[in-house]
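Visitor: In this text, residue positions in the sequence shown follow numbering that gives the first Met the number 0: the first is 0, and each later residue adds one.
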Amino acid sequence: MAGNGGTWKKTGCVLCAQNCGLELFVEGNRIAKVRPDKDNPRSQGYACRKGLHIAYFQHHAQRLTHPLKRVGGTFQPISWAEALDEIADRLREIVGRNGPHALAYMGGGGQGCHFEAAFGTSLLRALGSRYHYNAMAQELTGMFWVNGRILGKQYLHTLPDDRETDMLVAKGWNGWMSHQMPQARRHLLAISKDPHKLLVVIDPRKSETAKIADIHLPIRPGTDALLTRAMIAIVLQEGWQNQAYLDRHASGLDEILPWFKDFDARAAVRVCELEYEAVREVTKLFAHRKSSLHSDLGVLMGRHSTVTSYLEAILLTLCGRIGVPGGNVLPGTIMPLGSHSDERDPKTWRTRETNFPAIMGYFPPNVLPEEILAEREDRIRAVMVSNANPLRSYADTTAYEKAFGRLDLLVTIDVAFSETAALSHYVLPALSAYEKWDGTFFAWTYPEVFFQLRRPVLKPQGEPWEEGEIFLGLAERLGLLPEGLDALSRAAEKDRAAFGMELLQFLGKNPKALAVVPFVLAKTLGRAMGSSHLAALWGLLQTAPTTFQENAARAGFRPGPLMAEEIFQAILDHPEGLWVGKCDPENNLASLQTSDGKLQLFIPELADWVKSIQPETEQEALKPDPQFPLILMAGRHMDMNANTLMRNPAWNEGKRACTLAMHPEDARRLGLEDGRAVRVTTEAGSVEIELEVTESARPGHVVIPHGFGLEYEGRVYGANVNRLAKNTHRDPLAGTPLHRYVPCRVE
Ligand code: SF4
């Protein structure tokens, strides 16, 4: 307790995937103060400016309080029962008439509220569709596809062992601003200041992270694949590969070696506009130190995205840096972030018009406009959007506007009346992250496994619902729940042990109910607990895989039938979050799921793509287009953006938040001055924006942050960079957007 009846309450930030621990001082049901939570074992009192402004996420004029229905050009309040009845009727009609392929779900809980995904995907699948569009396929699925081949499953991945590494290479990653590791600024500064450690940044810009780096390689935009191929060639030509590691842990080496044998690394480095000796030195250090590598959107949203991820995995393997202390390690999780959907299996769904397969179970948001606008019977006609704002978050706002305008049914579930809500037929209010039980499976750490369950710390205004309840309401109306849940409900009222026994018996007799088990849990245990999300977490822990149980045992939980219940109770007892597991650092490569337990270096489907990345062809491909002579980096992490979650611009008042960053040389050449309005044009569209002339930009390269162009109380704040990004400008394998390489002109 502290002053005037207010209370400090423990929770977590939902504005980026680090989910730092926060304490909120709640007074009169409002967040009056925010401080980092020192008790959170993962973030340990660390939070950035965004988290400290979380009150702007919670309290603003666009919060949704009641279900809305679009009638003509306006929205009218409607009761929950009417809204769910009508939506269920329309879903039944569309799926009945056009088949399950007509339905898509776009959501999964964003940065901090992942529990809805269990319900959204269960509803989708119970209606026969697999079309789950998710932000993961906006950024990461090319890398996850590569992981599926090299590590054995798409949901496995590696991250730097940040505590043990003595050389961290940040490629296209401005960790100072985008975080992506616990306590990012503390860690990056510590590495940078430690005379025995090296921070190397490979980035076209003099980013905030590049400014504190020991070595900065200011790579030419669009040449990440070429540079990585050159680094591999240097390793092999100099004989720096870790042969003992390769003999023990890698397969397929013989097939890939010819790709690099005669590769002209010097010519490649010239095209990358870097000094050969500097690249050779970084490569040598990488091959001989306890090195690790982290790539971010500069690479994942750059040219040759998927193949760059592949080349990086080859480089790491050749240098013996996967699954070893200080290298890139496979973290443990309480729940993987997706499934394994191998496109070679004919059962894996593909998009109908654009023929992209699911990766990790996700389809790329970039192709959805084409899947809706296609002139075909089996096009998408109904979309359920949940906690996402594709009209601002995904590439090509113009294409999305056109496509969503053609849908027979668009439902948006959100906490705020977003730009996507404005186009919807129905808008359903969700409880905010601070009004419900929820959590995230993003908080990767190594070797420990972390989890924090956020609890309601504020009372809702109006009548928003938990997302799980909303999907349950639809599932019930669509007749998707099994009969005979009364005994389960009665057991749930007694205790969880009795419920567990009853559930086992019920599923034994009703195996088909397994397909909708989140709804069974929500309807029975969820009612007793007062939260469908809590019930889903309980169910998740009961079915946790053996690897999680082994990790949990290492963290002190007793193996045996009561382990899941013990972990669940510990999670409830620790609102600040806790370590729920610990990986075995001595045996990290045991997590591989390949057939021979080794890293599989040869991916035949990518062979031609790798071989096509040559200095001459790249030089030709990178020649500026006279119509669009500059390269736009469409999206930039900064302290003043948080996707589209912070709708009230007041949190940035007095700051220069949304500008076009341009190097002074380019500004002089174009006769443009700092502070004036300029027009930026690409093949997708055109926006007006304030010019910021800064040495941190690279000549020929301009930058606009993402997350702006939001409409608030009748005004639009900043430029929407997704007007400038064409949805068809994407990775050919994963469909992820090439946001970091958008040819443009500035006038
Ligand atoms: S935005 Fe990210 S780094 Fe900043 S406080 Fe929130 S979770 Fe932590």
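From the three backbone atoms N, C-alpha and C, an ideal C-beta is built for every residue, glycine too.
Enumerate, from N- to C-terminal direction, the unbroken alpha helix (DSSP H) stretches of 4 or more residues contained entirely within the stretch 574 to 635.
Guide: The qualifying runs are 606 to 611, 614 to 620.
Visitor: Report the residue from L452, F498, V515, A486 whose alpha carbon sits nearest the alpha carbon of L479.
Guide: That would be V515, whose Cα lies nearest to the Cα of L479.
Visitor: Between K508, D494, Q541, V741, which lies nearest to P517 when the distance is taken from Cα to Cα?
Guide: When only C-alpha atoms are compared, the closest one is Q541.
Visitor: Short of 6 Å in beta carbon distance, which residues of its chain neighbour A373, apart from the five on each side in sequence? Order them along the chain.
Guide: Closer than 6 Å at the Cβ level, and outside the excluded window around A373, lie E352.
Visitor: According to the Cβ coordinates, are D638 and M176 closer than 8 Å?
Guide: Going by C-beta atoms, D638 is nearer than 8 Å to M176.
Visitor: Could you tell me the distance, in whole angstroms, from the CA atom of F143 to the CA atom of E85?
Guide: Their Cα atoms are separated by approximately 38 Å.
Visitor: Could you tell me the distance, in whole angstroms, from the CA atom of Y275 to the CA atom of I313?
Guide: If you take the alpha carbons of Y275 and I313, they lie about 21 Å apart.
Visitor: Indicate, with yes or no, if ligand 1 has a heavy atom lying under 7 Å from the CB of C112.
Guide: Because no heavy atom of ligand 1 lies under 7 Å away, the Cβ of C112 does not count as near it: no.
Visitor: What I want to know is whether the C-beta of K9 ends up closer than 7 Å to one or more non-hydrogen atoms of ligand 1.
Guide: K9 Cβ: outside cutoff for every heavy atom of ligand 1.
Visitor: Would you identify the three-state DSSP class for N386, choosing helix, strand or coil?
Guide: Coil, per DSSP.
Visitor: Identify, in the order they occur along the chain, each residue of the same chain with its Cβ nearer than 7 Å to the Cβ of E748, setting aside the five sequence neighbours on each side.
Guide: Since the displayed the chain opens at 0 and closes at 746, residue 748 lies outside it and no answer follows.
Visitor: Hey, would you say I321 sits closer than 8 Å to S340, going by beta carbons?
Guide: In this structure, S340 does not lie closer than 8 Å to I321 by Cβ.
Visitor: Tell me the residue span of the alpha helix (DSSP H) that contains E501.
Guide: Start and end: 495 to 508.
Visitor: Are the Cβ atoms of P584 and A266 separated by less than 8 Å?
Guide: Against a cut-off of 8 Å, the Cβ pair of A266 and P584 comes out as no contact.
Visitor: Any heavy atom of ligand 1 closer than 7 Å to the beta-carbon of Q137?
Guide: No - ligand 1 has no heavy atom lying nearer than 7 Å to the Cβ of Q137.
Visitor: Count Cβ pairs between the stretch 123 to 140 and the stretch 537 to 554 that sit closer than 8 Å; are there 3 or more?
Guide: These segments do not touch.
Visitor: Could you give the first and the last residue of the continuous alpha helix (DSSP H) run that contains M230?
Guide: From DSSP, the alpha helix (DSSP H) with M230 extends over 223 to 237.
Visitor: Going along the chain, which residues put their C-beta within less than 6 Å of some heavy atom in ligand 1?
Guide: Answer in sequence order: C12, L14, C15, Q17, N18, C19, A46, C47, K49, G50, H178.
Visitor: Around the Cβ of L644, are there at least 16 other Cβ atoms within 10 angstroms (buried) or fewer (exposed)?
Guide: The residue is buried, with at least 16 neighbouring Cβ atoms inside 10 Å.
Visitor: Taking the alpha carbon of R375 as the point to measure from, which residue in Q618, N97, A554 has its own alpha carbon closest?
Guide: Here the closest residue by C-alpha is N97.
Visitor: Pick helix, strand or coil for H248, following the three-state DSSP scheme.
Guide: It is helical.
Visitor: Please work out which residues of its chain come closer than 7 Å, Cβ to Cβ, to E369, disregarding the five sequence neighbours upstream and downstream, and give them in chain order.
Guide: Excluding positions up to five away in sequence, the list reads E352, T353.
Visitor: Which residues in the same chain have their Cβ closer than 6 Å to the Cβ of V519, if we skip the five residues on either side of it in sequence?
Guide: Closer than 6 Å at the Cβ level, and outside the excluded window around V519, lie A512.
Visitor: Can you tell me the Cα-Cα spacing of W172 and L477, whole angstroms?
Guide: Going from the Cα of W172 to the Cα of L477 covers about 45 Å.
Visitor: If you draw a straight line from the alpha carbon of E418 to that of T680, how long is it in whole angstroms?
Guide: Rounded to whole angstroms, E418 to T680 spans 22 Å at the Cα level.
Visitor: May I ask which residues mark the beginning and end of the beta strand (DSSP E) holding D413?
Guide: It spans 408 to 413 - the beta strand (DSSP E) in which D413 sits, taken as one unbroken run.
Visitor: Which runs of the beta strand (DSSP E) spanning at least 3 residues fall entirely within the stretch 444 to 476, listed in chain order?
Guide: You should have 447 to 450.
Visitor: Strictly by DSSP, which residues pair up with W7?
Guide: In the DSSP output, where bridge partners are listed per residue, W7 has F24.
Visitor: Ignore the nearest five residues each way along the sequence and tell me which others in S78's own chain have a CB closer than 8 Å to its CB.
Guide: P66, listed in sequence order.
Visitor: Just curious, the alpha helix (DSSP H) that A87 is in, first and last residue?
Guide: 79 to 97 is the span of the alpha helix (DSSP H), which, as asked, contains A87.
Visitor: So T439 and N726 are supposed to be a Cβ contact under 8 Å. How far apart are they, rounded?
Guide: Going by Cβ atoms, the distance from T439 to N726 rounds to 27 Å, so no, they are not a contact pair.
Visitor: Taking the alpha-carbon of H59 as reference, which of A125, C657, F416 has the nearest alpha-carbon?
Guide: Answer by Cα proximity: F416.
Visitor: Counting only runs that start and end within the stretch 631 to 692, where is the beta strand (DSSP E) found for 3 or more residues in a row?
Guide: Taking only runs of at least 3 residues, the beta strand (DSSP E) segments lying wholly in the stretch 631 to 692 are 658 to 661, 676 to 680, 685 to 692.
Visitor: Give the secondary structure of K170 by DSSP, where H, G and I count as helix, E and B as strand, and everything else as coil.
Guide: Strand at K170.
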